[in-house]
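Chains as they are written, first to last, in the numbering used here: chain W, 425 to 601; chain Y, 8 to 314; chain A, 548 to 970.
Quick reminder that beta carbons are idealized off the backbone N, C-alpha and C, glycines included.
For clarity, every value in this text was computed on a predicted model and none was experimentally measured.
Comments concern the structure below.
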Amino acid sequence: MTKIMDSDLVRRAIIRIAHEILEKNKGIAQLCIIGIRTRGVILAARIAKAIKEIEGQAVPVGILDINLYRDDLTLVGSQPIIRETLIDFDLNEQKVVLVDDVLFTGRTIRAALDAIMDFGRPSSIQLAALVDRGHRELPIRADYVGKNIPTALKQNVKVVLSESDNEEDAVYLEENK
Amino acid sequence: MSEWTKRHLLDVEELSKEEIEMVLDTARSFKEVSSRDVKKVPALRGKTVVMLFFEPSTRTRTSFELAAKRLSADTINIAVNTSSLSKGETILDTARNVEAMNVDAIVVRHATPGVPQIFAHNLKSSIINAGDGCRSHPTQALLDMFTIKEKLGRLEGLKVGIVGDILHSRVARSNLMGLTKMGAEVTVCGPSTLIPVEIEKLGAKVSYDVDKVIKQSDVMILLRIQKERQKDHFLPSIREYAIEFGVTTERLKQGKKELLIMHPGPMNRGVEISSDVADGEQSLILEQVTNGVAVRMAVLYLVLGAK
Amino acid sequence: MLLIKNAKIVNADGVSDKLQDILIEDGKIVKIGVNLKADGYQSIDVAGKYASPGFIDLHAHFRQPGHEYKETIETGSKAAAKGGYTTVFCMPNTKPPIDNIALVDFVIREGKRVGLVNVYPIGAVTKGQQDEELTDMFEMHKTGCLMLSDDGKSVNNSQVMRMALQYSQMVGVLISEHCEDQLLSKSGVMNEGYFSTLLGMKGDPVVSETTIISRDIELAYYLGCRIHFAHVSTKRSVELIRRAKVDGVKVSAEACPHHFSLSDKEIKSFNTHFKVKPPLRSEVDVEAVKTGLKDGTIDCIATDHAPHSQEEKELDFDQAPSGMVGLETAFALGVTELVSKGVLTLTQLIDKMSASPARIVGLDKKGKIAEGMDADITIFDADKEWEVIAKDFASKSKNSPFIGKKLKGLVIATICNGKQTYA
């Protein structure tokens, strides 16, 4: 297991992403951030906090559980546990930034896009990921990336965040057997 | 509890405390889906759910159908008039015929206890019990528990009174089993002729005094009294039942302000429940209906995913 | 002409201490002894197995005429022979009910044509079993009825029952009463009790049986008549009959193997093979039935062999008909549930299955292996364990709740009227 990001790198990446979002969207007008359960929710909250610190104004933050939209429901062992989706603001004509921890095959994002569409018709959807590890199976790319990490398919990227894991922030590369 | 393993939902008895909690938690997530503009998720896309009803029912069937549709499953309703079942064809034949069309789940209601069990033993589809005779109505109990927990935050330690025709009520039985399993204390109340023998052994307290039950309860579930009970000698008259056991605003004054009133429907206004109670602030009757869809979505989702 | 060699003879009064031979001529037992020689006779060496008087069932349904898809006198006879029975009394709830001499005669003739067991028709008490007019009891008795019954239901009308008891006493025919107050049992499909409450099933309470037993005891006491109680199933019934016997009322009673083997908790399986009338009762009742058999309150064991087709038993529990086949498992259940558990000795079991029923109906040439008696003999292995398998039933119907169960005690051969009817 090799550490590829420590807590400082993670912190800087989030601040950079916050700046990039603001730059690309020219401020926070019509902007909202939606984190994908579980770690995307934490990252979304951090990005939102960084944006507030920069702009002095908060952006709406939502939580998305994509399990109901997965394309592999019939393949997984038993049904994944469904947690609440919490988007208590209108998505129509909004600029939505989806946040996930690791961008890999792209299937999670595909499910998230479908889910978002069921909530309304945003003017645009952008994607932020802490780590992009490659191996896309769908035509999806991230607009904001914390770090690109070339990986082998059999490897595993493990994201540790203090809020959920009770450990200092870090990103590890594991060898899967 | 992280994995659901039951392919069928036959009754509440077979569910562990953890499994009940899992259904209730999952239902909470599904309730949100029903509040969206687009009230549909693709979780059961391509699955076929058949509502096989050997007994007429509008509410339960509609609730199941809506639940299945909101999960993107295809649904078919089959209402079998048992009196027209030819002597040669058994219920199993009917069910096997339905299954032969490659369905994934059969939601079954039948006037005889145990029919869902027989189906589960003999068929490959997931079987969901939507009421078997006077025995069991698991999704009603689950939605009642969901509704109570949503309002009061817990089930453990609550005092629940179930009032009415306990003898003929699958809702009473399933709620009794479920609520006691979750740590609530259940008192069944009704005319002595409508309380089944030895129900104490199922964990119920028995009372013939509705006023006493009102005074002690956190929640009361009122059951429909059917007019035929008078004809079958269970009761002198519906009028006397209404006087002795009917829950009215006047009576409710003796109880806690927060006492919640539930009814699985359909109601006999003016008999077991007065109109002002049914429509009053303490009534959860319409919320039960709303929650019914979410709970049935949870059940369909979990049962159809179990391997 | 037949010679049975090396049998351990068991009668109601004991077991022979050495192996004996039984010589049979013209359907009678002519000689019993050691090392009997009989040249030219067919001989069967049973190699130390038990030989008992052929079993007598006072309560079976052969369904003919009318319900031949469930059973016929021929298939029923085969089942009886396989179960070790040599005499079977057939209940009259056929279609039409056996309520006249033409039908009585038909059953007797068909039984003889098949020739595997002695088939005795039980005549109806009331015409069409309609609880209104008495049947022609003299005529039916003279044609061959030793018993009368409206089995399937009680004679509900108390006045009709009074007259039936009084009249049948004069005729010399015994009434067997199915005790069930139908207004109390109503649509009950199982015993009313904890399990009916648990399962939400309609209950048939113990009192539906005991009210009729009480009424009939009072009628028999008042009239000085005999009466036989079919399929006694409850603790209270046993108590009532015990008391009646103490009081000198001329009552006799039978119990069925399922009522001493199974309790109402079986209904949890929703298997309709457990649906029967009277219903399987509580464990307390099961124990009381055993005690009644042990202390003699219950005189005999009858099967209430009630065949139903698979289609009928595949109906849901409310709709499926009541009853189970019993002829082929009765003896093994007696050994497994009564003898092995110390309720009865083997000789007592044989008494309950042969000598006692013979006494009740007055068949004085049956129920005992002795010189001069009818050559109705059952050969069995009391220790042999076997599994009940559906396809092995000789009965046309396979509705046994014991399928898949392992039982002890196996009938090896049956001899009826000096002829081997099963081996």
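Checklist entry - Which ranges does the alpha helix (DSSP H) cover as unbroken runs of at least 4 residues, wholly within the stretch 616-662 of chain A, from first to last along the chain? => result 620-629 and 648-661
Checklist entry - Which bits of chain W does PHE37/Y rub up against, with CB to CB less than 8 Å? => result ILE506
Item to check | CB contact check: ARG43/Y to chain A, cutoff 8 Å | outcome: no
Item to check | Contact check, LEU229/Y vs VAL170/Y, beta carbons under 8 Å | outcome: yes
Next on the checklist: Just to check my reading of the structure: VAL217/Y and ASP542/W have Cβ atoms closer than 8 Å, yes? What is that Cβ distance to the nearest angstrom?
Outcome noted: Between ASP542/W and VAL217/Y the Cβ distance is about 47 Å, and since that is not below 8 Å, they are no contact.
Checklist entry - Any beta-carbon of chain A closer than 8 Å to the one on ALA34/Y? => result no
Checklist entry - Is DSSP giving GLU507/W helix, strand or coil here? => result Sequence check: residue 507/W is Arg here, not Glu. It is coil, neither helix nor strand.
Item to check | 6 Å Cβ shell around SER181/Y - same chain, five flanking residues per side excluded | outcome: VAL19, SER143, HIS144, PRO145 and ALA148
Checklist entry - In three-state DSSP terms, what is ILE569/A? => result strand
Next on the checklist: In the DSSP output, what is LYS571/W paired with across the bridge?
Outcome noted: VAL555/W
Checklist entry - When you check each C-beta in the stretch 277-297 of chain Y against every C-beta of chain W, which residues fall closer than 7 Å? => result none
Next on the checklist: Quick check: the stretch 618-627 of chain A against the stretch 653-669 of chain A, are at least 3 beta-carbon pairs closer than 8 Å?
Outcome noted: yes
Item to check | Whole-Å CB distance - GLU742/A paired with ILE125/Y, under 8 Å assumed | outcome: Sequence inspection shows Phe at residue 742/A; the Glu mentioned does not correspond to that position. Actually they do not touch by this definition, with Cβ atoms about 17 Å apart.
Checklist entry - Can you round the beta-carbon distance between VAL785/A and THR876/A to whole angstroms, since I take them to be within the 8 Å contact cut? => result The Cβ separation is near 23 Å, so there is no contact.
Item to check | Where the stretch 197-228 of chain Y meets chain A: residues whose CB sits under 8 Å from a CB there | outcome: PRO203, VAL204, GLU205, ILE206, LYS208 and LEU209
Checklist entry - Is THR575/W buried or exposed, if buried means 16 or more other CB atoms sit within 10 Å of its CB? => result buried
Checklist entry - In three-state terms, what does DSSP make of MET108/Y? => result coil
Checklist entry - If we ignore side chains and look at the alpha-carbon of each, how far apart do ILE155/Y and HIS778/A end up? => result 49 Å
Item to check | Contact with chain A by GLY121/Y, beta-carbon distance below 8 Å | outcome: yes
Checklist entry - What is the DSSP secondary structure of TYR493/W, reduced to helix, strand or coil? => result helix
Checklist entry - Between VAL483/W and LEU527/W, which are expected to be in contact by the criterion C-beta below 8 Å, what is the C-beta distance as a whole number of angstroms? => result About 21 Å; that fails the 8 Å criterion.
Checklist entry - Should VAL672/A be counted as a contact of the ligand FMN given a C-beta to heavy atom distance under 7 Å? => result Because no ligand of any kind appears in the structure shown, any question about the ligand FMN cannot be addressed here.
Checklist entry - DSSP state of VAL831/A, grouped into three classes? => result helix
Item to check | For CYS196/Y, the residue or residues it bridges with in DSSP | outcome: VAL170/Y and SER214/Y
Item to check | Residues, ordered as in the chain, of the stretch 108-134 of chain Y that lie near chain A by beta-carbon distance below 8 Å | outcome: HIS117, ALA118, THR119, PRO120, GLY121, VAL122, GLN124 and ILE125
Checklist entry - Just curious, the alpha helix (DSSP H) that SER41/Y is in, first and last residue? => result 24-41
Next on the checklist: Looking at chain Y, is there any beta carbon in it that lies within less than 8 Å of the beta carbon of PHE543/W?
Outcome noted: yes
Checklist entry - Do you know offhand how far ALA98/Y's Cα is from MET58/Y's? => result Checking the sequence, you will find Ile at residue 98/Y rather than Ala. Taking the straight line from one Cα to the other gives about 14 Å.
Checklist entry - Does any CB atom of chain A fall closer than 8 Å to the CB of ARG231/Y? => result no
Next on the checklist: Counting only beta-carbon separations shorter than 8 Å, does TYR741/A have a partner in chain Y?
Outcome noted: yes
Checklist entry - Listed from N- to C-terminal order along the chain, which residues in the stretch 744-760 of chain A have their beta-carbon within a distance smaller than 9 Å of any beta-carbon of chain Y? => result THR744, LEU745, LEU746, GLY747, MET748, LYS749, GLY750 and PRO752
Checklist entry - Is PHE602/A helix, strand or coil by DSSP? => result strand
Checklist entry - Shortest alpha-carbon distance to ILE573/W belongs to which of VAL581/W, ALA566/W and LEU433/W? => result VAL581/W
Item to check | Segment limits, alpha helix (DSSP H) that includes LEU766/A | outcome: 753-770
Checklist entry - Is the beta carbon of THR634/A sitting closer than 8 Å to the one on LEU910/A? => result yes
Item to check | At least 3 beta-carbon pairs within less than 8 Å: the stretch 914-928 of chain A vs the stretch 954-966 of chain A | outcome: yes
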